[in-house]
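**Student:** If you read the sequence shown in numbering that gives the first Met the number 0, its first letter stands for residue 0, the second for the next number, and so on.
Every residue gets a Cβ at the ideal spot worked out from N, C-alpha and C, and that includes glycine.
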Amino acid sequence: MSAKHQYINRELSWLEFNHRVMEQAACKDNPLLERLKFLAITGSNLDEFFMVRVGGLKILSKTNSPRTDISGLNVEEELSMIRERVQRLYRGQADCLLNSLEPELQANNIFRLTKDTLSESQNEYLKLIFKEQIESVIAPISVHREQEFPLLVGAGVCLCVRVKNDPQHRIGPDSLAKEGLDRFTVIPLGRTLPRFIFLPAETGVNYVLLEDVVTLFLADIFGNQEILDWTTFRITRNADISTTEDVADDLLLELKEMLAKRNVSDCVRLEIAEDVDPATLNFLKDVLSVSDNDVYAIHGPLNLARYFSLATLQGFHNLKAIPWPSQQSPDFINGTDIFEIIAESDCLLLHPYQSYDPVVEYVRTAATDPQVIAIKQTLYRTAEESEIISALVLAAENGKHVTAIVELKARFDELQNMQGAKLLEQAGVDVIYGVEGLKTHAKLCIVVRREERGIQRYVHFATGNYNESTASVYSDISYFTNNQQLGNDAVHFFNAITGLSVPQQIQFLSAAPINLREKLTELINAEAQNAAKGGTGAIEAKMNSLVDQKIIDALYAASQAGVKIKLNIRGICCLKPGVKGLSENIQVVSIIDRFLEHARVFLFENGGNQRLFISSADWMNRNLDRRVELMVPIIDPVCKKRLTAMLRSCFQDNIKSRYLDAEGNYHPNSSANQKPYRMQETLYKEACDTFSAVTNPKATVFKARRS
Numbered sequence: 000m001s002a003k004h005q006y007i008n009r010e011l012s013w014l015e016f017n018h019r020v021m022e023q024a025a026c027k028d029n030p031l032l033e034r035l036k037f038l039a040i041t042g043s044n045l046d047e048f049f050m051v052r053v054g055g056l057k058i059l060s061k062t063n064s065p066r067t068d069i070s071g072l073n074v075e076e077e078l079s080m081i082r083e084r085v086q087r088l089y090r091g092q093a094d095c096l097l098n099s100l101e102p103e104l105q106a107n108n109i110f111r112l113t114k115d116t117l118s119e120s121q122n123e124y125l126k127l128i129f130k131e132q133i134e135s136v137i138a139p140i141s142v143h144r145e146q147e148f149p150l151l152v153g154a155g156v157c158l159c160v161r162v163k164n165d166p167q168h169r170i171g172p173d174s175l176a177k178e179g180l181d182r183f184t185v186i187p188l189g190r191t192l193p194r195f196i197f198l199p200a201e202t203g204v205n206y207v208l209l210e211d212v213v214t215l216f217l218a219d220i221f222g223n224q225e226i227l228d229w230t231t232f233r234i235t236r237n238a239d240i241s242t243t244e245d246v247a248d249d250l251l252l253e254l255k256e257m258l259a260k261r262n263v264s265d266c267v268r269l270e271i272a273e274d275v276d277p278a279t280l281n282f283l284k285d286v287l288s289v290s291d292n293d294v295y296a297i298h299g300p301l302n303l304a305r306y307f308s309l310a311t312l313q314g315f316h317n318l319k320a321i322p323w324p325s326q327q328s329p330d331f332i333n334g335t336d337i338f339e340i341i342a343e344s345d346c347l348l349l350h351p352y353q354s355y356d357p358v359v360e361y362v363r364t365a366a367t368d369p370q371v372i373a374i375k376q377t378l379y380r381t382a383e384e385s386e387i388i389s390a391l392v393l394a395a396e397n398g399k400h401v402t403a404i405v406e407l408k409a410r411f412d413e414l415q416n417m418q419g420a421k422l423l424e425q426a427g428v429d430v431i432y433g434v435e436g437l438k439t440h441a442k443l444c445i446v447v448r449r450e451e452r453g454i455q456r457y458v459h460f461a462t463g464n465y466n467e468s469t470a471s472v473y474s475d476i477s478y479f480t481n482n483q484q485l486g487n488d489a490v491h492f493f494n495a496i497t498g499l500s501v502p503q504q505i506q507f508l509s510a511a512p513i514n515l516r517e518k519l520t521e522l523i524n525a526e527a528q529n530a531a532k533g534g535t536g537a538i539e540a541k542m543n544s545l546v547d548q549k550i551i552d553a554l555y556a557a558s559q560a561g562v563k564i565k566l567n568i569r570g571i572c573c574l575k576p577g578v579k580g581l582s583e584n585i586q587v588v589s590i591i592d593r594f595l596e597h598a599r600v601f602l603f604e605n606g607g608n609q610r611l612f613i614s615s616a617d618w619m620n621r622n623l624d625r626r627v628e629l630m631v632p633i634i635d636p637v638c639k640k641r642l643t644a645m646l647r648s649c650f651q652d653n654i655k656s657r658y659l660d661a662e663g664n665y666h667p668n669s670s671a672n673q674k675p676y677r678m679q680e681t682l683y684k685e686a687c688d689t690f691s692a693v694t695n696p697k698a699t700v701f702k703a704r705r706s
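Here it is, written out as structure tokens:
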């Protein structure tokens, strides 16, 4: 069987994921503003896809790389198929916004006004806004074909205005206004200006897009010059720019240079209004050095990612999802010292159903606890005003020995991570800037205490970042333990990173790129061997992406041996399930709901003695070979039972889940005979019920027995 029949292309699989997000924008069972939020997510996702994935393919295309992907496609074939699929996505986005969301918004008194629907008084109000708030911010830039095109930061909406060449109205040398050549002016609309301009309204909301306001008053910018036409456009620059690493100081400098390069890198996408005049389109293609294949004609507004702000309008509670506030875990509500709680038994938290507060409190308490002598923590992506970083700063100021591994190469968070690292350094924290050639993606925080029973190691392992903001919307796992075997492994692992050595004494944890791939392969193969001998072989796993060919091949072999495999994969899946003779025992489902499914959980039947793990790593080449990752066994029986139930609930969902077929298509995972089951809603209700049972126990009622 050829590669094209065994595997799904990674980029097309990702685009299918974004299509599933768009399905949630179109789903009328979701609240209206929640649907608008999902549409904004599709725009934001697509922006990053072009900056990173398409950007990387463009680099390979320029070098005529012979590389083929896991499905056997070469670079040019991938780019061609991406373009076709993206155009379908654009059509779906436009249809969703213009023909579904906007009419329903209007029915709920939220109106987008245009020049054709503005009243005279509204037009006067917008002119005042333009004069007082917009005109002084925008900066029109006149451009001639013989000039170097102005540096435009990617992702922002711009206007391109074509003006008739008239010697009476030109400014500057004659060479900028040759006879017969129209002049072009580019107007970047700026990131500091609001995307939506709101007008006074007695009831409801009236708004106008920023670009529509500016175009209303182009005559105020160009005076008596004749405006031939104008269009909105938006460019996306290649962000797939890597660094060469030496020592920390050099890495800091090079990262700063890399961030600057992103602002001047090649344009990999030109989005432009579909009614653009050919003369203006040809001008922009010429000055931006883009081909027809890089141009996407858009029906409707550009930059859908900015619709997040409209989706969060104040009021309109009937159009928003009913809040699901995080619940406190019963383990952490009795006021006992957090280290006493963890010492008594391991604790498992399911975020965001259960509050992230104990994680912050864990670090904050360690910062002031006189018995704590050291804190060791990894940081990949932190919140903008991080309470975790503030706690580490406080710990260092209180004389604790604090070591932080800060990953500077976390894409799009490089600047924030550099700023956080500097704050930590200034407070006296020992900051390690990751490992040369690898990204440190593992999530752990070790607290070392001097107690009467000796030196104790408390560890927090996680599947998600130490980020209070994303913890409220990402579905992740926290695992607190005082297990000294896991604690010893964690210390050896951490010290190996900071000492740039290979950990020799790890027994229970598995780490990439040291032995995680081998451990996963061993676990998968063990299930195949059990099944081949007539025993029970089963694997259930939850992750974000499955791309690694060797892992996929091991799963195929296990399926052929009779192992029943259930995979919950939110995003990219290059494995083809349900192929006769290859993967008929493999089931793949994806869940897109109000929280972003982010946890990695792996369960192996192991002949009835189940082995359960959480991990920071997806089953991707980058995670297993080019990142520092951890896989952690869940040992405590109570925690193990809870996490197993959570994992299995993924495969019960028949409302928000979609199942993957052998052709790479996703279908609703529902049946008329099934009772409706929505995993995220169920987990939230369970968190509420668990908290309520502890804080509001029902009084015992005695009833007399009747004969």
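Cα separation between Ala461 and Val213?
**Tutor:** One-based indexing of the sequence shown puts residue 461 at position 462. One-based indexing of the sequence shown puts residue 213 at position 214. Computed Cα separation, rounded: 48 Å.
**Student:** Please report the straight-line C-alpha distance between Leu422 and Glu396, rounded to a whole angstrom.
**Tutor:** Translated into positions along the sequence shown, residue 422 becomes position 423. Translated into positions along the sequence shown, residue 396 becomes position 397. The alpha-carbon atoms of Leu422 and Glu396 are separated by roughly 12 Å.
**Student:** If you check the beta carbons only, do Trp229 and Thr311 fall under 9 Å apart?
**Tutor:** As a position in the sequence shown, residue 229 is number 230, starting the count at 1. As a position in the sequence shown, residue 311 is number 312, starting the count at 1. No, the pair does not count as a contact, with Cβ atoms beyond the cut-off.
**Student:** Would DSSP call Val275 helix, strand or coil?
**Tutor:** Mapped onto the sequence shown, residue 275 falls at position 276. Coil.
**Student:** What does a CB cutoff of less than 8 Å around Arg647 pick up in its chain, not counting 5 residues either side in sequence?
**Tutor:** Numbered from its first residue, the sequence shown carries residue 647 at position 648. Glu539, listed in sequence order.
**Student:** Report yes if the C-beta distance between Ser708 and Leu659 is below 9 Å; otherwise report no.
**Tutor:** Given a span of 0 to 706 for the chain in the structure shown, any question on residue 708 remains unanswerable.
**Student:** Going by the DSSP bridge assignment, what does Val142 pair with across the sheet?
**Tutor:** Here residue 142 refers to the residue found at position 143 of the sequence shown. Paired residue(s): Phe183.
**Student:** Alpha carbon to alpha carbon, how far is Ile387 from Asn466? Give it in angstroms, no decimals.
**Tutor:** If you number the sequence shown from 1, residue 466 lands on position 467. If you number the sequence shown from 1, residue 387 lands on position 388. Spanning the two alpha carbons is a distance of roughly 8 Å.
**Student:** Compare the beta carbon distance of Leu740 and Ile551 with 9 Å and say whether it is the shorter of the two.
**Tutor:** No answer is possible for residue 740: it lies beyond the span of the chain, which begins at 0 and ends at 706.
**Student:** If distances are taken between C-alpha atoms only, which option among Leu391, Gly427, Glu521 and Glu406 comes closest to Val446?
**Tutor:** By one-based count along the sequence shown, residue 446 stands at place 447. Considering only alpha carbons, the answer is Leu391.
**Student:** When we look at the beta-carbon of Asn672 and count the other beta-carbons within 10 Å, is it buried (16 or more) or exposed?
**Tutor:** Position 673 of the sequence shown holds residue 672. Asn672 should be labelled exposed.
**Student:** So the candidates are Asp291, Asp115, Glu384 and Gln559; which of them puts its Cα closest to the Cα of Ala530?
**Tutor:** As a position in the sequence shown, residue 530 is number 531, starting the count at 1. Nearest C-alpha to Ala530: Gln559.
**Student:** Note down the Cα distance separating Glu76 from Arg161, rounded to an integer number of angstroms.
**Tutor:** Within the sequence shown, residue 76 is the residue found at index 77, counting from 1. Within the sequence shown, residue 161 is the residue found at index 162, counting from 1. Roughly 36 Å separates the two Cα atoms.
**Student:** Measure the CB-CB distance between Val267 and Val53 and report whether it falls below 9 Å.
**Tutor:** Counting from one through the sequence shown, the residue named residue 267 turns up at place 268. Counting from one through the sequence shown, the residue named residue 53 turns up at place 54. Closer than 9 Å, so yes.
**Student:** Classify Gln504 as buried or exposed, calling it buried when 16 or more other Cβ atoms lie within 10 Å of its own Cβ.
**Tutor:** Along the sequence shown, read from residue 1 onward, the residue named residue 504 stands at position 505. The residue is exposed, with fewer than 16 neighbouring Cβ atoms inside 10 Å.
**Student:** Which residues share a DSSP beta bridge with Leu437?
**Tutor:** Stepping through the sequence shown from its first residue, residue 437 is reached at position 438. Answer by DSSP bridge pairing, in chain order: Val434.
**Student:** Taking Asn482 as the reference, which of Tyr473, His459, Ser474 and Thr497 has the closest Cα?
**Tutor:** Position 483 of the sequence shown holds residue 482. Of the listed residues, the one whose Cα sits closest to Asn482 is His459.
**Student:** On the criterion of 16 or more Cβ atoms from any shown chain inside 10 Å, does Phe197 qualify as buried, or is it exposed?
**Tutor:** Taking the sequence shown and counting its residues from 1, one reaches residue 197 at position 198. It counts as exposed.
**Student:** Buried or exposed: which applies to Gly419, given that a residue is buried once 16 or more other Cβ atoms fall within 10 Å of its Cβ?
**Tutor:** Looking up residue 419 in the sequence shown gives position 420. It counts as buried.
**Student:** Please classify Leu269 as buried or exposed, where buried requires at least 16 other C-beta atoms within 10 Å of its C-beta.
**Tutor:** What you label residue 269 is simply residue 270 of the sequence shown in a count that begins at 1. Buried: at least 16 other Cβ atoms inside 10 Å.
**Student:** Which residues share a DSSP beta bridge with Leu347?
**Tutor:** Counted from its first residue, the sequence shown places residue 347 at position 348. DSSP, once it has assigned bridges, lists Tyr478 as partnering Leu347.
**Student:** Here's the rule I'm using: 16 or more other beta-carbon atoms within 10 Å means buried, otherwise exposed. How should Ile297 be labelled?
**Tutor:** If you number the sequence shown from 1, residue 297 lands on position 298. Classification of Ile297: buried, given that the 10 Å Cβ count is 16 or more.
**Student:** Assuming Leu100 contacts Arg19 under a Cβ cut-off of 8 Å, what Cβ separation, rounded to an integer in Å, is found between them?
**Tutor:** For this step, residue 100 is matched to residue 101 along the sequence shown. For this step, residue 19 is matched to residue 20 along the sequence shown. About 18 Å; that fails the 8 Å criterion.
**Student:** Report yes if the CB atom of Cys346 is closer than 9 Å to the CB atom of Phe479, and no otherwise.
**Tutor:** Residue 346 sits at position 347 when you count from the first residue of the sequence shown. Residue 479 sits at position 480 when you count from the first residue of the sequence shown. Yes, Cβ-Cβ distance for Cys346 and Phe479 is below 9 Å.
**Student:** Would you grab the beta carbon distance between Tyr306 and Leu38 for me? Rounded to a whole angstrom, and I think it's under 8 Å.
**Tutor:** In the sequence shown, counting from the first residue as 1, residue 306 sits at position 307. In the sequence shown, counting from the first residue as 1, residue 38 sits at position 39. Tyr306 to Leu38, Cβ: 6 Å. Contact.
**Student:** DSSP state of Tyr124, grouped into three classes?
**Tutor:** Within the sequence shown, residue 124 is the residue found at index 125, counting from 1. Helix.
**Student:** Please list, in chain order, all residues of the same chain as Arg599 whose beta carbon is under 6 Å from its beta carbon, the five residues on each side excluded.
**Tutor:** Position 600 of the sequence shown, counted from the first residue, corresponds to residue 599. So the qualifying residues of the chain are Thr462, Met542 and Ser614.
**Student:** Just the Cα atoms here: how many angstroms apart are Phe183 and Lys163?
**Tutor:** On the sequence shown, residue 183 is found 184 positions in, with the first residue counted as 1. On the sequence shown, residue 163 is found 164 positions in, with the first residue counted as 1. If I take the Cα positions, the gap works out to 9 Å.
**Student:** What do you get for Lys715, buried or exposed, if any count of 16 or more other CB atoms within 10 angstroms of its CB means buried?
**Tutor:** With the chain running from 0 to 706 in the structure shown, residue 715 is simply not present.
**Student:** In or out: Arg452 buried (at least 16 other Cβ within 10 Å) or exposed?
**Tutor:** Counted from its first residue, the sequence shown places residue 452 at position 453. Per the 10 Å Cβ criterion, exposed.
**Student:** At which residues does the beta strand (DSSP E) containing Leu623 begin and terminate?
**Tutor:** Residue 623 sits at position 624 when you count from the first residue of the sequence shown. Element bounds for Leu623: not the beta strand (DSSP E) but the alpha helix (DSSP H), Asn620 to Asp624.
**Student:** Look up Trp13 in the DSSP assignment and say whether it is helix, strand or coil.
**Tutor:** By 1-based counting over the sequence shown, the position of residue 13 is 14. Three-state DSSP puts Trp13 in a helix.
**Student:** Exposed or buried, which one is Thr694 when buried takes at least 16 other CB atoms within 10 Å?
**Tutor:** What you label residue 694 is simply residue 695 of the sequence shown in a count that begins at 1. So Thr694 counts as exposed.
**Student:** List the endpoints of the continuous alpha helix (DSSP H) containing His491.
**Tutor:** As a working note, residue 491 is residue 492 in the sequence shown. Run containing His491: Gln483 to Thr497, per the alpha helix (DSSP H) assignment.
**Student:** By Cβ distance, which residues of its chain are closer than 7 Å to Val156, with the 5 residues on each side in sequence left out?
**Tutor:** For the purposes of this step, residue 156 is identified with residue 157 of the sequence shown, where counting begins at 1. Leu188, Glu210, Thr231, Arg233, Leu301 and Asn302.
**Student:** When DSSP labels each residue in this structure, what does Cys95 get in the three-state scheme?
**Tutor:** Indexing the sequence shown from 1 puts residue 95 at position 96. Three-state DSSP puts Cys95 in a helix.
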